[in-house]
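If you count the sequence shown from 1, position 401 lands on 400 in numbering that gives the first Met the number 0, and the numbers rise without skipping.
We put the CB at the ideal spot given by N, CA and C, even for glycine.
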Amino acid sequence: MSAPAWLLRGARVVDPAQGRDEPLDVLVRGGVVAEVGVGLDAAGATVLDVAGALLAPGLVDLHAHLREPGEEHKETIATGTRAAAAGGYTAVAAMANTSPVSDRAAVVRAVRELAEATGACDVFPVGAITKGQQGETLAEIGELVEAGVRLLSDDGRCVASARVLRNALTYARAFAEPVVIADHAEDPDLVEGGQMHEGVHSVALGLAGRPAEAEEVIVARDLAIARMTGGRLHLCHLSSARAVELVRRAKQEGIRVSAEVTPHHLTFTDEDLRDYDTNLKVNPPLRTAEDREALRDALVDGTIDAVATDHAPHAVEEKEVEFDRAPPGTIGLETALAVVLTELVAPGRIDLLRAIDALSTTPARILGASEHGGPIAPGRPANLVVVDPEASWVVEPPFVSKARNAAFLGRRLRGRVVHTLLRGRPTVLDGKVVA
Ligand SMILES: [Zn+2]
0 MSAPAWLLRG ARVVDPAQGR DEPLDVLVRG GVVAEVGVGL DAAGATVLDV AGALLAPGLV
60 DLHAHLREPG EEHKETIATG TRAAAAGGYT AVAAMANTSP VSDRAAVVRA VRELAEATGA
120 CDVFPVGAIT KGQQGETLAE IGELVEAGVR LLSDDGRCVA SARVLRNALT YARAFAEPVV
180 IADHAEDPDL VEGGQMHEGV HSVALGLAGR PAEAEEVIVA RDLAIARMTG GRLHLCHLSS
240 ARAVELVRRA KQEGIRVSAE VTPHHLTFTD EDLRDYDTNL KVNPPLRTAE DREALRDALV
300 DGTIDAVATD HAPHAVEEKE VEFDRAPPGT IGLETALAVV LTELVAPGRI DLLRAIDALS
360 TTPARILGAS EHGGPIAPGR PANLVVVDPE ASWVVEPPFV SKARNAAFLG RRLRGRVVHT
420 LLRGRPTVLD GKVVA
């Protein structure tokens, strides 16, 4: 069955891959972009009047916990990818800390097959760096790469051993394909028992701290090992100003590193924890206003390459407990784009091209997701999102995600996904998930 034909008429096309930001029509036929131009003829296609909307390449998330296999009570590939589609995503990297851990090809294949059968967007399984994410012996990296994995991470856990990280970054260079080693950079000893950023607010709230230095020391170590090995390093969810400064200098030095930041670290600070809201308990923790400003600046100047959600669903009963017993994490796939539009684009902090670049084009490149991230050009797979930039909405259940642990719960955001197309087929049409 061939994909239907659509004429998306009159949207502001924002396409970072071509540096393009102008009103255009886009004709989609047979799952690919057929034509881009002004005043295109519908020629039998269904016309979607999207004047006043933004049309961009479908978003790409480098960091989502879809929880399947093993924790299907929190989320499944079916529900997580629908949440992704609702948020405008056409591709997500599924983190490896599932049960079993994605540390060998069989698990990767199982995730991919589930995604093909039940998913509403493309899923790129992340492989673990170490067996069982135990941090000791390297996972079957050769087998994982052969199975198509390009991003390896023990996320949820820092690669605590410098020797293991060295071996992983060295091994990653052995392949013809670019293979990226992604680290959750927090020193496990320094954050032991910590509940939130260590500072005046952790003292006032009586909660044990996770100091920013825990991130700083691991980022410094990881960058040194990336320099030594020449391996390709990615730093997950940066949270602190000093870590950002280390990455900035490393990039100037030519070290092969990329970095991501989450919408919640771009928005909240440790002061927002005063009501002990467990939805704001995240790892790494929310930090100071100064850190948040540094993250924003780094996203604007490209020191931080991408916005990634760290979508981390939990069951209601798991989060509705005392703060120090709640698991860390917030869902984020359904709100990431609107948060960036509301917090950064609307106040003029970042321009729309760079925002879409950080949400789609650059993460697609890091992930090796060549069908995603644009350019929006004839012959390219029609992985697209249409957004109403003026639509104002409040973040509240029901969510498309199985979970409801949203850091942004109750917040008013501006900008809402109208249509998402995956290879020309709508996964979201008129604001409703249809996949
Ligand atoms: Zn992490």
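Taking only the alpha-carbon atoms, compute the straight-line gap between residue i and residue j and give it to the nearest angstrom.
| i | j | result |
| --- | --- | --- |
| T426 | T89 | 9 Å |
| D154 | R66 | 13 Å |
| D121 | G79 | 11 Å |
| I349 | V339 | 9 Å |
| P187 | A95 | 19 Å |
| G131 | G378 | 41 Å |
| Q251 | D290 | 21 Å |
| T419 | K431 | 10 Å |
| L137 | D182 | 14 Å |
| V362 | V59 | The question names Val, but residue 362 is Pro in the sequence shown. The straight-line gap from Cα to Cα measures roughly 6 Å. |
| A84 | E316 | 26 Å |
| M0 | E185 | Note on M0: pLDDT 48, under 50, position unreliable in the model; the coordinate value appears next. Each residue's Cα considered, the two are about 48 Å apart. |
| I113 | T341 | According to the sequence as given, residue 113 is Leu; it is not Ile. For L113 and T341, the distance between alpha carbons rounds to 34 Å. |
| G414 | S257 | 27 Å |
| G43 | G36 | 17 Å |
| A213 | K280 | 17 Å |
| D276 | L206 | 13 Å |
| M195 | A242 | 17 Å |
| A41 | G229 | 51 Å |
| R226 | R353 | 28 Å |
| A337 | L294 | 18 Å |
| L298 | I254 | 18 Å |
| V199 | V216 | 21 Å |
Pick from the options: whose alpha carbon is nearest that of residue i?
| i | options | result |
| --- | --- | --- |
| D323 | V433, V12 and N278 | N278 |
| Q87 | A119, P187, E135 and R220 | The sequence given here has Gly at residue 87, not Gln. Checking every option, the nearest Cα to that of G87 belongs to A119. |
| L383 | K431, F407 and V27 | V27 |
| A175 | G192, R226, K130 and G147 | G147 |
| R172 | A184, R149, L189 and R156 | R149 |
| R11 | A211, T117, P388 and G29 | P388 |
| V144 | Y170, S98 and G51 | Y170 |
| V320 | A288, A363 and N404 | N404 |
| E74 | Y275, T117, T136 and E244 | T117 |
| A167 | Q194, G193 and I224 | I224 |
| A288 | E270, A345, N282 and A211 | E270 |
| L421 | G198, G30 and E71 | G30 |
| L6 | L39, V216, V202 and G347 | L39 |
| M107 | P68, I355 and T129 | Checking the displayed sequence, the identity of residue 107 turns out to be Val instead of Met. Nearest option by C-alpha distance: P68. |
| E292 | A311, E244 and L164 | E244 |
| A368 | A33, V125, H72 and P397 | V125 |
| F123 | E70, H72 and S152 | S152 |
| A311 | E259, D274, E70 and V163 | E70 |
For residue i, which residues in the same chain have their Cβ closer than 6 Å to its Cβ, ignoring the five residues on either side in sequence?
| i | result |
| --- | --- |
| A16 | T360, G373 and P374 |
Do residue j and residue i count as a contact pair if the criterion is CB distance below 8 Å?
| i | j | result |
| --- | --- | --- |
| S101 | A127 | yes |
| S400 | A77 | no |
| H236 | D296 | no |
| R248 | P177 | no |
| A92 | L366 | yes |
| G134 | V110 | no |
| I303 | H233 | no |
| V417 | V386 | yes |
| T334 | L222 | no |
| R286 | T261 | no |
| A357 | A305 | yes |
| L61 | V13 | no |
| P56 | H371 | yes |
| A381 | G328 | no |
| P283 | R209 | yes |
| V246 | V218 | yes |
| G331 | H264 | no |
| L20 | L343 | What sits at residue 20 in the sequence shown is Asp, not Leu. Not a contact, by the Cβ cut-off of 8 Å. |
| T45 | A2 | no |
Is the closest heavy atom of ligand 1 to the C-beta of residue i under 7 Å?
| i | result |
| --- | --- |
| N404 | no |
| G193 | no |
| H183 | yes |
| G134 | no |
| C120 | no |
| N282 | yes |
| H236 | yes |
| D14 | no |
| D309 | yes |
| G331 | no |
| D154 | yes |
Within a Cβ cutoff of 7 Å, which residues of the same chain sit near residue i, ignoring the five residues on either side of it in sequence?
| i | result |
| --- | --- |
| R220 | A161 |
| G9 | P22, D24, D48, V49 and A50 |
| E197 | G208, R209 and P210 |
In chain order, what residues of the same chain lie with their CB nearer than 8 Å to the CB of residue i, ignoring the 5 residues before and after it?
| i | result |
| --- | --- |
| E395 | L408 and G409 |
| R156 | N96, Q132, G134, H183 and P187 |
| L428 | H418 |
| E142 | R103 and A104 |
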